[in-house]
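In our numbering, the protein residues as written are 535 to 782.
Note that the Cβ used here is the ideal one computed from N, Cα and C, for glycine as well.
Read through the structure below, which is laid out as structure tokens, and then see the notes.
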Ligand code: FPP
């Protein structure tokens, strides 16, 4: 792969490819990246946050509309308290530090997950970022924090069942569209491409409803090493897929 292909001009070179509109990413391997270098796990998360910034910029350069990233799952609360606390502070600092630049680049930041369980100061930064960037249109960045797909689906079932119980909704009116519009991702198109780094072949409770027809790309590269070149490779691989949506 030549450096020419990877310059900001790569947008034109990508024109001939089928570009995904929406890419979802499971940013895995931060801990292993740090361990390989004899560093604490948190160093991997810090470097991972830098790579996220780079990948958002690629989306803007290449014309990929939406990026959804799995930053913290409902299961991640089970990690050592020091790591959980570090991640919460990292999310907050990133939002504080990067908000102006993201805003000036036209990034619209949204969050999915149960935000009510997050530290109050983080909740405030999240609200600030969402309010400030609500009208931006260059890239839609969806950050999944305290997100669990089964919980999301259960909440939706409960919500629709309550509407049926109080006579606001007929059971036969529940279809895929209505169901989708009751998920955290309401109004967001399903991902075209799901990338998982660090070689793990699992879905780990991420977007289980939304990825029904999504192309999956797994790379052994650890998230803190997932740079512009790696992302480019994933996009090229996607362009070569034949998406049939069950048809022939
Ligand atoms: C998984 O790697 C990664 C996480 C649980 C945290 C992801 C968070 C970031 C990349 C920072 C993003 C910042 C913002 C502002 C959203 P792991 O720790 O499970 O790695 P391992 O499998 O090698 O142990």
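- Contact between residue 642 and residue 599 does not hold, since the beta-carbon distance rounds to 10 Å and is not under 8 Å.
- In this structure, the beta-carbon distance from residue 604 to residue 740 falls below 8 Å.
- Here the stretch 619-635 makes no contact with the stretch 691-699; the two share fewer than three CB pairs at distances below 8 Å.
- The stretch 729-745 makes no contact with the stretch 656-674; the number of CB pairs closer than 8 Å stays below 3.
- Excluding sequence positions up to five before and after residue 667, its CB lies within less than 7 Å of the CB of 636, 637, 641, 642 and 643, all in the same chain and listed in chain order.
- Taking C-beta atoms as the reference points, residue 722 and residue 678 fail to come closer than 8 Å.
- A contact between stretches requires three or more CB pairs, one per stretch, nearer than 8 Å, and the stretch 711-727 fails this requirement with the stretch 572-589.
- Residue 652 is positioned such that its CB atom lies no closer than 8 Å to that of residue 610.
- Counted as a single uninterrupted DSSP element, the stretch harbouring residue 779 is not any beta strand (DSSP E), since DSSP gives it neither H nor E.
- For the alpha helix (DSSP H) assignment, the uninterrupted runs of no fewer than 4 residues enclosed by the stretch 690-756 are, from N- to C-terminal side, 710-714.
- Of 743, 577 and 654, the smallest CA-CA separation from residue 568 is found for 577.
- With respect to the 8 Å criterion, residue 560 and residue 738 are classified as neighbours on the basis of their beta carbons.
- In this chain, residue 625 is not harboured by any beta strand (DSSP E); it is covered by the alpha helix (DSSP H) spanning 615-638.
- When the alpha-carbon of residue 747 is set against those of 615, 753, 724 and 606, the nearest one is in 724.
- With a contact defined as Cβ atoms closer than 8 Å, residue 608 and residue 682 qualify at about 3 Å.
- Residues 683, 686, 687, 713, 714 and 717 of the same chain have their beta carbon placed closer than 8 Å to that of residue 743, with the five preceding and five following residues left out of the count.
- In this chain, residue 601 is not harboured by any alpha helix (DSSP H); it is covered by the beta strand (DSSP E) spanning 600-607.
- Beta-bridge analysis with DSSP links residue 681 to 607.
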